[in-house]
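Step one of this worksheet: look at the structure below.
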Amino acid sequence: MNDDSGPMASLRLADVVSMSAAIASTDLPQSLLKAIERIAAARMAVSIFSASSCFLETMELERIYSSRPDVYPVGVRKSKRQTNWAQCVLKDRQVFVGEGPLEMAAAFDDQERMASLGIRSIINVPVVVRDQCIGVLNFARSDVRVSAEEIAIGRLLGIAATVAFTS
7 MNDDSGPMAS LRLADVVSMS AAIASTDLPQ SLLKAIERIA AARMAVSIFS
57 ASSCFLETME LERIYSSRPD VYPVGVRKSK RQTNWAQCVL KDRQVFVGEG
107 PLEMAAAFDD QERMASLGIR SIINVPVVVR DQCIGVLNFA RSDVRVSAEE
157 IAIGRLLGIA ATVAFTS
(Lines of atoms letter the chains of each structure in order from A and count residues from 1; the text may use other names and numbers.)
(Lines give C-alpha, C1' and ligand atoms only; values in the text may rest on other atoms or scores of the structure.)
Protein backbone atom coordinates (compact mmCIF):
# COMPACT_ATOMS: atom_id res chain seq x y z
CA MET A 1 0.00 0.00 0.00
CA ASN A 2 1.35 3.41 -0.95
CA ASP A 3 0.39 6.36 1.24
CA ASP A 4 1.42 9.66 -0.30
CA SER A 5 -0.63 11.81 2.08
CA GLY A 6 2.28 12.77 4.31
CA PRO A 7 5.91 13.80 4.03
CA MET A 8 8.45 11.33 2.81
CA ALA A 9 11.10 10.52 5.37
CA SER A 10 14.04 8.28 4.88
CA LEU A 11 17.25 7.38 6.55
CA ARG A 12 20.43 7.23 4.52
CA LEU A 13 22.29 3.97 4.09
CA ALA A 14 25.08 5.34 6.29
CA ASP A 15 22.50 6.06 9.02
CA VAL A 16 21.20 2.49 8.90
CA VAL A 17 24.73 1.06 8.91
CA SER A 18 25.65 3.25 11.89
CA MET A 19 22.61 2.14 13.88
CA SER A 20 23.14 -1.52 12.94
CA ALA A 21 26.73 -1.38 14.16
CA ALA A 22 25.60 0.30 17.37
CA ILE A 23 22.99 -2.39 18.00
CA ALA A 24 25.62 -5.08 17.47
CA SER A 25 28.06 -3.44 19.90
CA THR A 26 28.53 -4.49 23.50
CA ASP A 27 27.81 -0.91 24.57
CA LEU A 28 24.10 -1.03 23.69
CA PRO A 29 22.00 1.10 24.52
CA GLN A 30 24.51 3.99 24.77
CA SER A 31 26.05 3.26 21.37
CA LEU A 32 22.65 3.30 19.66
CA LEU A 33 21.59 6.54 21.35
CA LYS A 34 24.92 8.11 20.32
CA ALA A 35 24.26 7.02 16.71
CA ILE A 36 20.75 8.50 16.88
CA GLU A 37 22.25 11.74 18.24
CA ARG A 38 24.66 11.97 15.27
CA ILE A 39 21.89 11.28 12.75
CA ALA A 40 19.56 13.82 14.39
CA ALA A 41 22.27 16.49 14.34
CA ALA A 42 22.96 15.92 10.65
CA ARG A 43 19.40 15.37 9.39
CA MET A 44 17.25 17.43 11.78
CA ALA A 45 19.62 20.24 12.87
CA VAL A 46 19.37 19.03 16.47
CA SER A 47 21.69 20.87 18.85
CA ILE A 48 20.86 18.97 22.05
CA PHE A 49 19.59 15.40 22.17
CA SER A 50 18.47 13.41 25.17
CA ALA A 51 16.56 10.21 25.89
CA SER A 52 14.53 9.38 28.97
CA SER A 53 12.89 6.27 30.34
CA CYS A 54 9.22 6.66 31.19
CA PHE A 55 7.58 5.56 34.44
CA LEU A 56 3.86 5.77 33.73
CA GLU A 57 2.77 4.78 37.23
CA THR A 58 4.38 7.93 38.67
CA MET A 59 4.35 10.02 35.46
CA GLU A 60 8.09 10.56 35.73
CA LEU A 61 10.94 10.55 33.23
CA GLU A 62 14.51 9.57 34.00
CA ARG A 63 17.22 10.75 31.62
CA ILE A 64 19.34 7.85 30.36
CA TYR A 65 21.29 9.72 27.67
CA SER A 66 22.29 13.33 27.11
CA SER A 67 24.44 15.04 24.51
CA ARG A 68 24.94 17.85 27.07
CA PRO A 69 25.30 16.17 30.48
CA ASP A 70 26.69 19.45 31.85
CA VAL A 71 23.21 21.01 31.61
CA TYR A 72 20.98 17.92 31.25
CA PRO A 73 22.63 15.24 33.41
CA VAL A 74 21.91 11.54 33.10
CA GLY A 75 20.04 9.97 36.00
CA VAL A 76 17.85 12.95 36.81
CA ARG A 77 14.16 12.17 37.34
CA LYS A 78 11.53 14.72 36.45
CA SER A 79 7.84 14.64 37.30
CA LYS A 80 5.42 15.26 34.45
CA ARG A 81 2.33 14.58 36.52
CA GLN A 82 -0.74 16.62 35.57
CA THR A 83 0.75 18.33 32.52
CA ASN A 84 -0.72 18.64 29.05
CA TRP A 85 2.64 17.48 27.70
CA ALA A 86 2.38 14.21 29.66
CA GLN A 87 -1.13 13.62 28.36
CA CYS A 88 0.04 14.16 24.79
CA VAL A 89 3.35 12.29 24.83
CA LEU A 90 3.20 9.74 27.65
CA LYS A 91 -0.48 8.78 27.74
CA ASP A 92 -1.66 9.44 24.16
CA ARG A 93 1.74 8.48 22.70
CA GLN A 94 1.76 11.40 20.27
CA VAL A 95 4.74 13.39 19.02
CA PHE A 96 4.95 16.84 20.63
CA VAL A 97 6.35 19.75 18.62
CA GLY A 98 7.07 23.04 20.35
CA GLU A 99 7.97 26.00 18.16
CA GLY A 100 9.02 29.29 19.70
CA PRO A 101 9.07 30.63 23.25
CA LEU A 102 5.31 30.62 23.91
CA GLU A 103 4.80 26.97 22.98
CA MET A 104 7.99 26.00 24.80
CA ALA A 105 7.00 27.88 27.97
CA ALA A 106 3.54 26.28 27.96
CA ALA A 107 5.10 22.80 27.96
CA PHE A 108 8.34 23.10 29.92
CA ASP A 109 9.15 24.66 33.27
CA ASP A 110 12.81 25.09 32.24
CA GLN A 111 12.10 27.06 29.07
CA GLU A 112 14.34 29.94 30.22
CA ARG A 113 17.32 27.59 30.50
CA MET A 114 16.44 26.11 27.11
CA ALA A 115 16.32 29.61 25.58
CA SER A 116 19.71 30.46 27.13
CA LEU A 117 21.12 27.38 25.36
CA GLY A 118 19.71 28.59 22.04
CA ILE A 119 16.88 26.06 21.95
CA ARG A 120 13.99 27.57 20.00
CA SER A 121 12.05 24.42 19.09
CA ILE A 122 11.74 20.82 20.21
CA ILE A 123 10.44 17.52 18.92
CA ASN A 124 9.55 14.96 21.61
CA VAL A 125 9.03 11.46 20.24
CA PRO A 126 7.50 8.78 22.46
CA VAL A 127 9.17 5.38 22.29
CA VAL A 128 6.25 2.96 22.27
CA VAL A 129 6.25 -0.81 22.69
CA ARG A 130 3.09 -2.92 22.99
CA ASP A 131 0.90 0.18 23.12
CA GLN A 132 2.80 1.68 26.06
CA CYS A 133 5.21 4.59 26.20
CA ILE A 134 8.49 3.32 27.63
CA GLY A 135 10.65 6.33 26.80
CA VAL A 136 10.94 9.69 25.10
CA LEU A 137 13.48 11.08 22.63
CA ASN A 138 14.04 14.84 22.91
CA PHE A 139 15.33 16.62 19.81
CA ALA A 140 16.09 20.25 20.76
CA ARG A 141 16.92 22.71 17.99
CA SER A 142 17.93 26.31 17.40
CA ASP A 143 15.59 26.68 14.41
CA VAL A 144 12.14 27.97 15.38
CA ARG A 145 10.20 26.08 12.71
CA VAL A 146 10.06 22.29 12.45
CA SER A 147 9.33 20.64 9.12
CA ALA A 148 7.09 17.64 8.57
CA GLU A 149 10.11 15.75 7.23
CA GLU A 150 12.07 16.42 10.45
CA ILE A 151 9.15 15.11 12.50
CA ALA A 152 8.98 12.01 10.29
CA ILE A 153 12.72 11.38 10.68
CA GLY A 154 12.29 11.75 14.46
CA ARG A 155 9.56 9.10 14.32
CA LEU A 156 11.87 6.74 12.41
CA LEU A 157 14.59 7.29 15.00
CA GLY A 158 12.01 6.60 17.71
CA ILE A 159 11.31 3.22 16.14
CA ALA A 160 15.04 2.44 16.06
CA ALA A 161 15.37 3.54 19.70
CA THR A 162 13.03 0.80 20.88
CA VAL A 163 16.06 -1.51 20.76
CA ALA A 164 17.92 0.76 23.23
CA PHE A 165 14.98 0.88 25.62
CA THR A 166 14.27 -2.86 25.56
CA SER A 167 17.83 -4.22 25.70
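Using my numbering, read the sequence shown as starting at 7 and increasing by one per residue. All C-beta atoms in this analysis are idealised placements derived from N, C-alpha and C, irrespective of residue type, glycine included.
Task: Those runs of the alpha helix (DSSP H) which lie wholly inside the segment 120 to 162 and span at least 4 residues - done: none
Open item on the list: With a threshold of 8 Å on Cβ separation, who are the neighbours of GLY160 within its own chain once the five nearest residues in sequence on each side are excluded?
Closed with: The residue labelled residue 160 in the question sits at position 154 within the sequence shown. Only ALA46, MET50, VAL101, ILE129, VAL131, LEU143, PHE145 meet the Cβ criterion.
TODO: Identify, in the order they occur along the chain, each residue of the same chain with its Cβ nearer than 8 Å to the Cβ of TYR78, setting aside the five sequence neighbours on each side.
DONE: Along the sequence shown, read from residue 1 onward, the residue named residue 78 stands at position 72. Correct list, in chain order: ILE54, SER56, ARG69, SER72.
Open item on the list: Contact between the segment 22 to 35 and the segment 162 to 170 is defined here as three or more beta-carbon pairs at a separation below 8 Å; is this criterion met?
Closed with: Taking one beta carbon from each stretch, the segment 22 to 35 and the segment 162 to 170 have 3 or more pairs nearer than 8 Å; the two touch.
Task: Whole-angstrom C-beta distance between VAL134 and ARG87, which should lie under 8 Å - done: Within the sequence shown, numbered from 1, the residue matching residue 87 stands at position 81. Within the sequence shown, numbered from 1, the residue matching residue 134 stands at position 128. VAL134 and ARG87 do not touch by the CB rule: their CB atoms are close to 20 Å apart, not below 8 Å.
TODO: Count the other CB atoms, across all protein chains shown, that sit within 10 Å of the CB of ILE125; report buried if there are 16 or more and exposed otherwise.
DONE: Translated into positions along the sequence shown, residue 125 becomes position 119. The residue in question, ILE125, is buried, as its Cβ has 16 or more Cβ neighbours within 10 Å.
TODO: Kindly indicate which three-state DSSP category ALA27 falls into: helix, strand or coil?
DONE: Position 21 of the sequence shown, counted from the first residue, corresponds to residue 27. Of the three classes helix, strand and coil, the one that applies to ALA27 here is helix, per DSSP.
- [ ] Go through its chain and collect everything with a Cβ distance to ASN90's Cβ below 8 Å, but skip five positions before and after it.
- [x] For this step, residue 90 is matched to residue 84 along the sequence shown. ALA112, ALA113, listed in sequence order.
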